[in-house]
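Once you know that position 66 of the sequence shown is 126 in our numbering, the rest is easy, because the numbers rise by one and skip nothing. See structure below.
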Amino acid sequence: SFDNLAKLVKYVDPNFSGRDWNLATAMVIKGDALVQVMGDWAKGEFHAANKTPGTDFLCYRFPGTDGSVIYNSDMFGMFNVPDDRKAAQVALATATLSKSFQSAFNVVKGSVPARTDVPDTDFDACGKKGIADLKKANEGGTLFGSLAQGYGAPPAVANAYKDVVSKFVHGQIKSSDEAVTELVKAIDDAK
C-alpha cells in the first residue's frame with residue numbers, strides 16, 4: 061500500500077499540504093486538478109457548479125480497493141427523555157429509517173443510504189454506483205468502518221496510523237519498508 065501511495069504522491073502539486081477540501085474540489089471543477097480523494101460532501105460543490113455526475117465528473121472507490129467500502133455515517137442522537145416523549149423519538153427513528161426517507165435524504169446529501177434495500181431509482185450515476193458498491197461490500201464482508209470517525213479503531217490507533225501516513229506523504233519516512241515498520245511500532249505503542 062505504501063508503494064502505491066508513493067506513486068500517487070508524485071502527482072500531487074507542491075502546495076497540497078493544508079489545503080481546504082473545498083479549494084481542492086474547486087481545482088477539480090475548474091480543470092486545475094484531475095482527481096480528489098474525498099467523501100460525499102464534495103459532491104455538493106459539483107452540483108453548485110452545475111456539473112452532472114457521470115458526465116462532468118465521475119465517482120470511484122480509491123484505486124486498489126475494488127469490492128471494499130470504508131464508511132462514515134451520519135447519526136441522530138436521542139436523549140433519555142420522560143415516557144410521555146418517547147413516542148416522538150420512536151416516530152422520528154421510524155421515519156428516518158424508512159426507505160422513503162433514506163432515499164430522499166441521501167439523494168439530496170449525495171450520499172448512500174444506510175439500508176441496503178433502498179431502491180436506487182431516484183439516485184444519479186454516483187449514487188447508483190455507491191449503492192451497488194455498498195451492497196456488494198456488505199454481502200462480501202468487505203464493509204469497514206473508517207478511522208476518521210472512530211469506527212475502524214480506537215482514536216489512539218487511528219492517530220498513530222494518520223501520523224505515519226502523513227510522515228510518509230511528506231517525505232519524512234523515505235521507504236515503504238520503513239513506513240511499515242514505523243506503522244507497526246506506532247500502532248503497538250498506541251494500544
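Just so you know, even glycine gets a beta-carbon here, dropped at the ideal spot from N, CA and C.
DSSP-derived helix/strand/coil call for residue i
| i | result |
| --- | --- |
| V244 | helix |
| P113 | strand |
| Y131 | strand |
| F204 | strand |
| Y221 | helix |
| D126 | coil |
| P215 | helix |
| V69 | helix |
| F228 | helix |
| N198 | helix |
| I191 | helix |
| M87 | helix |
| L118 | coil |
| V97 | coil |
| V178 | coil |
| Q27 | The structure shown has nothing for residue 27, since the chain only spans 61 to 251. |
Among the options, nearest to residue i - alpha-carbon criterion
| i | options | result |
| --- | --- | --- |
| K103 | K245, S77 and P113 | P113 |
| A252 | K245, K146, V168 and M98 | Given a span of 61 to 251 for the chain in the structure shown, any question on residue 252 remains unanswerable. |
| V168 | V69, G127, G187 and D116 | G187 |
| D80 | N166, M98 and G91 | M98 |
| S206 | T176, V229, N132 and E242 | N132 |
| V172 | S160, D100 and M87 | D100 |
| D134 | H230, D177, Q232 and T156 | T156 |
| A93 | K111, G78 and D73 | D73 |
| G78 | K234, L243, E242 and V229 | V229 |
Residue i classed as buried or exposed, judged by whether at least 16 other C-beta atoms fall within 10 angstroms
| i | result |
| --- | --- |
| N198 | exposed |
| F106 | buried |
| G170 | buried |
| L118 | exposed |
| V88 | buried |
| N166 | buried |
| F183 | buried |
Residue i vs residue j beta-carbon contact at 8 angstroms
| i | j | result |
| --- | --- | --- |
| A84 | Q96 | yes |
| A153 | Q162 | no |
| A250 | V225 | no |
| G127 | K196 | yes |
| V129 | L203 | yes |
| V178 | K159 | yes |
Q. Does the segment 235–243 touch the segment 62–74, meaning 3 or more C-beta pairs lie closer than 8 angstroms?
A. yes
(Q) If contact is defined by three or more beta carbon pairs under 8 angstroms, each pair taking one atom from either stretch, is the segment 178–192 in contact with the segment 206–214? (A) no
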